[in-house]
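Numbering (my numbering), first residue to last: -15 to 219.
Yeah, the Cβ is synthetic: ideal placement off N, Cα and C, and Gly gets one too.
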Ligand SMILES: NC(=O)CC[C@H](N)C(=O)O
């Protein structure tokens, strides 16, 4: 049986995932994915591959995580290694699920402000305007409790927590959503004086978070991503 296959009602379906391993907490994502898989009723068996080259972006991957880092450097790396088009093709393919965290959110966005001098490219897949370093620079990094209302994210078997502790590291924010297909999953209001900004959303088979769930013990977002993959596999 091919890796990453499954049929309706399969228990222990096998899933093949990629985590872009250019920068950032790609190992932490792998650990969180495996722990999250153990919490799902289908208990999927995961094969997780590190993606560094265009040849690693293969159609048998069912999910791909683009972790944090520096989107300026990552976009240069993708361009120099001819990975942009293979990634755009892969992300656009039916049944493929993508999750961008922080710099990954920026790389997936169609529009961005506060680019580095001289500009930077993006994969241009989500109908959003993202602001780089919206909350400031490294020294301004912070954690914040994010109100969670989405039922699939609330169903934490242990605590039914209605907040998620977001870790924001030189984080972006979504200033504008330019398509009704974008479903806002979390917003953050830093003070009464400023409007809330979107920090997590889903657009079809793409999930984006401005914060780093992989740096916490709370696996709800990794479970949600795996459920998106299982949903596309119809298992
Ligand atoms: N933690 C992160 O991924 C930081 C993102 C970074 N500030 C950028 O612009 O890409």
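Compute every distance between the C-beta of residue i and the non-hydrogen atoms of ligand 1, then say whether any falls below 7 angstroms.
| i | result |
| --- | --- |
| residue 56 | yes |
| residue 86 | yes |
| residue 117 | yes |
| residue 270 | Nothing can be reported for residue 270: it is not among the residues displayed for the chain, which extend from -15 to 219. |
| residue 5 | no |
| residue 197 | no |
| residue 154 | yes |
| residue 103 | no |
| residue 53 | yes |
| residue 120 | no |
| residue 150 | no |
| residue 231 | Because the chain in this structure spans residues -15 to 219, residue 231 falls outside the shown range and cannot be described. |
| residue 8 | yes |
| residue 90 | yes |
Taking 8 angstroms as the cut-off, decide whether the C-beta atoms of residue i and residue j are in contact.
| i | j | result |
| --- | --- | --- |
| residue 58 | residue 192 | no |
| residue 36 | residue 9 | no |
| residue 151 | residue 170 | no |
| residue 68 | residue 92 | no |
| residue 62 | residue 130 | no |
| residue 210 | residue 51 | no |
| residue 53 | residue 104 | no |
| residue 168 | residue 26 | no |
| residue 60 | residue 30 | no |
| residue 56 | residue 100 | yes |
| residue 221 | residue 12 | No statement about residue 221 is possible, as the shown extent of the chain runs from -15 to 219 and does not include it. |
| residue 112 | residue 181 | no |
| residue 32 | residue 74 | no |
| residue 86 | residue 153 | yes |
| residue 148 | residue 132 | yes |
| residue 43 | residue 95 | no |
Between residue i and residue j, how many whole angstroms is the CB-CB distance? I'm expecting something under 8 angstroms.
| i | j | result |
| --- | --- | --- |
| residue 70 | residue 38 | 5 angstroms |
| residue 116 | residue 98 | 4 angstroms |
| residue 110 | residue 187 | 5 angstroms |
| residue 3 | residue 34 | 6 angstroms |
Based on DSSP bridge pairs, tell me the residues matched to residue i.
| i | result |
| --- | --- |
| residue 222 | The structure shown does not extend to residue 222, since the chain spans only -15 to 219, so no value can be given for it. |
| residue 130 | 148 |
| residue 158 | 114 and 182 |
| residue 96 | 114 |
| residue 212 | Partner(s): none; residue 212 has no beta bridge. |
| residue 33 | 2 |
| residue 49 | 3 and 83 |
State yes or no: is the beta carbon of residue i nearer than 8 angstroms to at least one beta carbon in chain C?
| i | result |
| --- | --- |
| residue 8 | The structure shown contains no chain C; it is built from a single protein chain. |
So does the segment 144 to 157 actually touch the segment 31 to 50, counting three or more Cβ pairs closer than 8 angstroms?
The segment 144 to 157 vs the segment 31 to 50: no contact.
Assess, as a yes-or-no matter, whether the segment 75 to 85 is touched by the segment 189 to 207 under the definition of 3 or more beta carbon pairs within less than 8 angstroms.
The answer is yes - the segment 75 to 85 touches the segment 189 to 207, with three or more Cβ pairs under 8 angstroms.
Does the contact criterion of 3 or more C-beta pairs under 8 angstroms hold for the segment 130 to 140 versus the segment 203 to 211?
Between the segment 130 to 140 and the segment 203 to 211, the count of Cβ pairs shorter than 8 angstroms is three or higher; the stretches touch.
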